[in-house]
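Since the structure comes first, as structure tokens, the remarks are kept for the end.
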Amino acid sequence: MENERSNIGKKAGIIGIAANLVLVIIKLIAGLLSSSVSIMADAFNNLSDATSSIVTLVGFRLSELPPDSEHPYGHARFEYLSGLVVAMLILVIGFEMALGSVKKIINPQETQASLLIFYILIVSIFMKAALWIYYKRKGQEISSSVLLASSADSKNDVITTTAVLCSLCVENYFHLKIDGFMGLAVAIFILYSGVLLAKETVSPLLGEGVNEELKILLEDYILSGEKVAGCHDLMVHDYGPGKRFASIHVEMDKEEDSITCHEIIDKMERECFEKYGVHLVIHYDPIVTDDPELERLHGIVSSILHMKDTRLSMHDFRMTLGEENINLIFDIVLPPELRGQEKEIQNSLEKALNSIENKRYFTVITFDIGFNR
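In our numbering, the protein residues as written are 63 to 435.
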């Protein structure tokens, strides 16, 4: 599966290199013949795309390297690094094109157009549209952020080349010198695309949170398991495409046979990798399900939390008897927006609980930062 994925990525890189080099050559010819800075900017944009395709190809090759002593989880993050390099190249090209366009705005020169130049731009638009569709299909097929970024970049190129074509028409039929302004607009568009791509590739390298769709898939799969009463504390670590490791706590009745529970957990771990390509480690949490008093207090505490904020939920609810008070020990899943309010939440919960029960309860709470559905 991983080899097939890498082969698709490398093939896409080779196609991108060939197509963009052809576009660079014909647009440079068109730009030199017409003295159009916007066409030249578009040509260098395609040159950056060709370079990006080379980086993509190298990235897929390096990501195939097997794990070693220094990198036990493999080298799949090279794909993210290649995306970051592509973003940097796009930013450099965009900056250089912006400078050239500003110079032409200050010192405008007349452009010369011919049918050949119009045909060249029209052909390039169709070629980029084909690349846009190709990259998108292959990127979705192998879930590659780099190919999807290349697809978005190709779509941007369709827009910019169409704008350049319109600019050339305006200059030649209405004699308005807007070539420099159009070149600057193309450069700004290139810079904007580079910034967006940089954000998309830096995020997984910094350790972004679990993808919400994957989170739902994993939790739904676990909750559908035999004898599973609940789950919580899902954590996913991404070491690159196809290299995801996760851990989760699964709640089962403490009265269930531990050997049977262990076998169920082992099966879920294997099936999770087969279905979703995630190496899952499951922590077994035995829970009490036959204590009426514990269940009653669980319901009261849950209601108080929901009155405070409907996004608050809890798990691992336990009770111990102290000399002077009753200790309630549990975890609360805290939305990121409520971070910093932990003490206030705990104090208001204890106050409400003690007033309802007319007893002295002391809470021991662990706050987990998470995202509720």
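Yeah, the Cβ is synthetic: ideal placement off N, Cα and C, and Gly gets one too.
In chain order, what residues of the same chain lie with their CB nearer than 7 Å to the CB of residue i, ignoring the 5 residues before and after it?
| i | result |
| --- | --- |
| residue 104 | 89, 222, 223, 226 and 248 |
| residue 285 | 293 |
| residue 437 | Residue 437 lies beyond the range of the chain shown here (63 to 435); nothing can be said about it. |
Could you tell me which residues DSSP pairs with residue i in its beta bridges?
| i | result |
| --- | --- |
| residue 396 | 431 |
| residue 453 | Look at the range of the chain in this structure, 63 to 435, and you will see that residue 453 is not part of it. |
| residue 155 | Its beta-bridge partners do not exist; DSSP assigns none. |
| residue 282 | Note: residue 282 sits in no beta bridge, so no partner. |
| residue 314 | 348 |
What whole-angstrom Cβ distance do residue i and residue j have, given they're in contact under 8 Å?
| i | j | result |
| --- | --- | --- |
| residue 311 | residue 341 | 16 Å between Cβ atoms; not a contact. |
| residue 204 | residue 67 | 5 Å |
| residue 316 | residue 264 | The Cβ separation is near 45 Å, so there is no contact. |
| residue 72 | residue 170 | Rounded, the Cβ-Cβ distance is 44 Å, inconsistent with contact. |
| residue 282 | residue 166 | Not really, about 57 Å apart at Cβ, beyond 8 Å. |
| residue 151 | residue 113 | 5 Å |
| residue 42 | residue 429 | An answer regarding residue 42 cannot be provided, because it is not within the stretch 63 to 435 covered by the chain. |
| residue 246 | residue 164 | 6 Å |
For residue i, which of the options has the nearest alpha-carbon?
| i | options | result |
| --- | --- | --- |
| residue 322 | 396, 289 and 294 | 289 |
| residue 387 | 412, 228 and 324 | 412 |
| residue 14 | 106, 208 and 185 | Absent from the structure is residue 14, since the part of the chain shown begins at 63 and ends at 435. |
| residue 261 | 178, 145 and 196 | 145 |
| residue 300 | 194, 81 and 142 | 142 |
| residue 318 | 328, 305, 309 and 291 | 291 |
| residue 110 | 95, 72, 129 and 215 | 215 |
| residue 418 | 400, 361, 250 and 406 | 361 |
| residue 186 | 258, 130, 368 and 86 | 86 |
| residue 192 | 402, 202, 241 and 217 | 217 |
| residue 119 | 202, 188 and 209 | 209 |
| residue 149 | 93, 102 and 115 | 115 |
Using the rule of at least 16 other Cβ atoms within 10 Å of the residue's Cβ for burial, across every protein chain shown, is residue i buried or exposed?
| i | result |
| --- | --- |
| residue 74 | buried |
| residue 372 | exposed |
| residue 334 | buried |
| residue 434 | Note on residue 434: pLDDT 49, under 50, position unreliable in the model; the coordinate value appears next. Exposed. |
| residue 233 | buried |
| residue 383 | exposed |
| residue 199 | exposed |
| residue 352 | exposed |
| residue 81 | buried |
Cutting at 6 Å between CB atoms, please list the residues of its own chain near residue i, excluding the five before and the five after it.
| i | result |
| --- | --- |
| residue 366 | 411 and 414 |
| residue 381 | 356 and 390 |
| residue 427 | 394 and 408 |
| residue 92 | 101, 179 and 182 |
| residue 196 | none |
| residue 259 | 149 and 211 |
Using C-beta distances below 8 Å, list every residue in its chain close to residue i, excluding the 5 sequence neighbours before and after it, in chain order.
| i | result |
| --- | --- |
| residue 401 | 431 |
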